[in-house]
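>
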Amino acid sequence: MIYGHVGYPAASGTTVGIMEIESPLSGRALVVIVDDRAAHGESADSIGPLVTELLSEAGFLVDATVAVSADEVEIRNALNTAVIGGVDLVISVGGTGVSPRDVTPDATAAVLDREIPGISEALRSSGLAAGALDAGLSRGLVGVSGSTLVVNLASSRAAVRDGMATLTPLASQVIGQLSGIEE
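Residue numbers for the sequence shown, in UniProt numbering: 1 to 183.
1. Across which residues does DSSP place residue 33 in a beta bridge pair?
2. To the nearest angstrom, report how far apart residue 42 and residue 34 are at their CA atoms.
3. Straight-line CA distance for residue 156 to residue 133?
4. Drop a sphere of 10 angstroms on the beta-carbon of residue 98, count the other beta-carbons inside from all chains shown, and report buried for 16 or more, exposed for fewer.
5. Mind checking whether residue 158 and residue 136 have CB atoms under 8 Å apart?
6. Give me the DSSP bridge partner(s) of residue 148.
7. Check whether the region 38 to 58 and the region 158 to 170 are in contact - that is, three or more C-beta pairs closer than 8 Å.
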């Protein structure tokens, strides 16, 4: 979030603005979109901007959005890169269903140190209650890798919106516990 604007005269007589950047309240995040077409540039990613907007509204600084193919190695590499990069939260979107190409939970399991099944169950339950069938059918995992919270969300806009509403207060709690700063 950018706030404040103070101008000062530059040598040429123009006014140059100074921006102060508010530090993130909740932490740093990275978004991984699991979509073959988006990863190959064949279609625009419409879910990444939504997740980024919802994370920003929740006080997260989003480092990047990355699109990868529905391939276990690519997904695992993207998640590991986020963890090594030190983000507090990495959210993957897509590839959580029951089709043979839905391998996000399988790749995620290899990255996690500890699962948090209560959050996974809450995401499925609230999504299904909100009418997002893909959220109810999701095999998505939630857990911790190092000091990073890793979350899999189903890919419909409804599943993302509901999932983020359910996730953000829980994520803040987990991140606080992982960083040793309890509220």
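All C-beta atoms in this analysis are idealised placements derived from N, C-alpha and C, irrespective of residue type, glycine included.
Computed from a prediction, not measured in an experiment: that's the story for all the values here.
In short, the structure shows the following:
1. Answer by DSSP bridge pairing, in chain order: 67, 93.
2. Here the C-alpha atom of residue 42 lies approximately 14 Å from the C-alpha atom of residue 34.
3. 9 Å
4. Around the CB of residue 98, fewer than 16 other CB atoms lie within 10 Å, so the residue is classed as exposed.
5. no
6. 145
7. yes
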